[in-house]
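Asker:
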Amino acid sequence: MTRVVFKNVTKKYGNYVAVNNVSFEVEHKEFAVLLGPSGSGKTTILKLISGLEFPDKGEIWIGDRIVNKLPPKDRDVAMVFQNYALYPHKTVYENLAFPLKIRHVPKDEIDKRVKSIAKLLGIDRLLERKPGQLSGGEQQRVALGRALIREPKVWLLDEPLSNLDAKLRTYMRAELKKLQRELGITTIYVTHDQVEAMTLADKLIVLNEGVVQQIGSPRELYEKPANVFVATFIGSPPMNIMKGVVRVHGDTISLNFGFGIIKLDKKYFEYPESYDNKEVLVGIRPEDIKISFGKEENSLKAVIDIVESLGSSSILNLVLDKDTLIKALCPGYFEEKMLGKEVYVTFNPEKIRIFV
């Protein structure tokens with residue numbers, strides 16, 4: 001059973017706090033993704049787990065032991081960095097085989113595993129080449145294969161797909177997830193790409209400025225973000241955020257945006273009285289907005305400003321007020337001649353989120 005546990009871990013570089021009192025658990029065989037913008041502490045956390053950095057405070061557990069002071073070689077983890085760190089004088093075959101060779105794996109087994117992982121990653125035709133003869137994407141795949149071939153207790157992956165083209169990246173996401181499930185290796189994966197995070201993760205750990213913002217399944221974080229940062233960082237297009245004031249009237253609450261008011265049943269909100277007479281931020285996902293060409297109950301007037309066609313659907317940029325622009329994701333194709341047209345928007349009451 002290989003769990004990875006962080007308990008109140010802090011890491012500083014001088015006066016800069018890279019990781020600030022971080023706690024989380026990654027269960028045995030779980031695929032966890034650390035998601036956040038640049039500088040949020042994601043890579044530092046991987047380095048702390050691998051032993052390339054050591055914490056100033058807190059405990060790091062791998063399996064049933066604290067590894068705070070253990071050197072990397074004693075942790076049985078494999079890490080893939082954004083830079084490839086391949087041996088330039090060795091062929092692709094030799095680079096893949098090296099982690100097994102130093103562990104004295106029999107030659108026949110090494111050959112079998114090298115060819116298997118090379119085929120999976122689409123680099124089987126490159127086995128006799130050296131890194132200098134490969135593209136950046138090909139080098140990244142070799143680096144990924146070198147970590148996968150070891151079958152360690154924990155995989156640590158720092159944006160390993162970042163240099164692949166879009167088609168191969170999509171393919172490799174699925175293959176990586178499939179392989180991880182088949183081998184049952186506890187995996188921690190770093191990315192700033194929320195689409196990648198949502199498709200890969202069993203557990204999402206969202207970070208910002210070294211602090212954990214929310215932990216949960218991709219669906220939990222998408223449907224019930226804990227704060228505005230998570231709401232706007234996850235989702236493409238991101239959640240719309242608007243300023244409003246809440247008023248409670250019996251079993252109804254009203255949201256006054258200044259340019260319009262909508263009334264909703266209290267049943268859609270937890271502890272609605274706690275919002276009464278407060279200025280709040282109201283969140284709604286683009287796909288939870290209905291567009292109509294005539295006024296409906298609880299609708300707000302808007303003007304179509306930009307149309308972004310996605311083929312089977314369109315993203316409408318809508319002006320509700322000179323200071324309020326929202327995006328709606330609608331099925332079908334909207335033509336450019338719709339620009340400047342007045343429409344009405346209705347929010348799905350079950351999907352509205354309120355942030356204080």
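So for the sequence shown, this note's numbering puts the first residue at 1; every next one is plus one. Even glycine gets a Cβ: it sits at the ideal position worked out from N, Cα and C. Every value quoted in this text rests on a predicted model; they were computed, and no experiment measured them.
Taking K177 as part of the alpha helix (DSSP H), name the residues at either end of that continuous run.
Answerer: Within the sequence shown, residue 177 is the residue found at index 177, counting from 1. Per DSSP, K177 belongs to the alpha helix (DSSP H) from A166 to L183.
Asker: Who pairs with L157 in a beta bridge, going by DSSP?
Answerer: Here the question's residue 157 lines up with position 157 in the sequence shown. Looking at the DSSP assignment, L157 forms a beta bridge with V80 and Y189.
Asker: Please go through the segment 36–114 and give each complete beta strand (DSSP E) segment of 3 or more residues, from N-terminal end onward.
Answerer: List check, beta strand (DSSP E) in window: 57–62 and 77–80.
Asker: Using alpha carbons as the reference points, say which of K69, K112 and G332 lies closest to I310.
Answerer: Counting from one through the sequence shown, the residue named residue 310 turns up at place 310. Inspection of the sequence shows that residue 310 is occupied by Leu rather than by Ile. Cα-wise, what sits closest to L310 is G332.
Asker: Just to check my reading of the structure: P72 and G58 have Cβ atoms closer than 8 Å, yes? What is that Cβ distance to the nearest angstrom?
Answerer: As a position in the sequence shown, residue 72 is number 72, starting the count at 1. As a position in the sequence shown, residue 58 is number 58, starting the count at 1. About 19 Å separates the two Cβ atoms, so there is no contact after all.
Asker: What's the C-alpha gap between L120 and P349?
Answerer: Here residue 120 refers to the residue found at position 120 of the sequence shown. Here residue 349 refers to the residue found at position 349 of the sequence shown. Near 46 Å, if we compare the C-alpha coordinates of P349 and L120.
Asker: Would the segment 261–269 count as touching the segment 225–235 if we require 3 or more Cβ pairs under 8 Å?
Answerer: As far as the Cβ criterion goes, the segment 261–269 does not touch the segment 225–235, which means the pair count is below three.
Asker: For T10, I'd like the list of residues in its chain whose CB is within less than 8 Å of its CB, leaving aside the five on either flank, ordered along the chain.
Answerer: The sequence position of residue 10 within the sequence shown is 10, counting from 1. Closer than 8 Å at Cβ, skipping near neighbours: V17, V19, N20, N21, V22, P55, D56, K57 and G58.
Asker: Quickly, what does DSSP pair D321 with across the bridge? List them, please.
Answerer: In the sequence shown, the residue the question calls residue 321 occupies position 321. DSSP, once it has assigned bridges, lists T324 as partnering D321.
Asker: What's the C-alpha gap between K290 and L320?
Answerer: Here residue 290 refers to the residue found at position 290 when the sequence shown is read from its first residue. Here residue 320 refers to the residue found at position 320 when the sequence shown is read from its first residue. Roughly 14 Å between the two C-alpha positions.
Asker: State the Cα-Cα distance for the pair K351 and G283, rounded to the nearest angstrom.
Answerer: For the purposes of this step, residue 351 is identified with residue 351 of the sequence shown, where counting begins at 1. For the purposes of this step, residue 283 is identified with residue 283 of the sequence shown, where counting begins at 1. Cα-Cα distance, rounded: 8 Å.
Asker: Taking its Cβ as the centre, do 16 or more other Cβ atoms sit within 10 Å of N240, making it buried, or is it exposed?
Answerer: Residue 240 sits at position 240 when you count from the first residue of the sequence shown. Its Cβ being crowded by 16 or more others within 10 Å, N240 is buried.
Asker: For L121, name the three-state secondary structure that DSSP assigns.
Answerer: Along the sequence shown, one-based indexing puts residue 121 at 121. In this structure, L121 counts as coil in the three-state DSSP scheme.
Asker: Is it buried or exposed for E138, if we count other Cβ within 10 angstroms and need 16 for buried?
Answerer: For this step, residue 138 is matched to residue 138 along the sequence shown. By the 10 Å Cβ count, E138 comes out buried.
Asker: Taking the alpha-carbon positions, what's the P237 to S313 distance?
Answerer: In the sequence shown, residue 237 corresponds to position 237, counting from 1. In the sequence shown, residue 313 corresponds to position 313, counting from 1. Roughly 13 Å between the two C-alpha positions.
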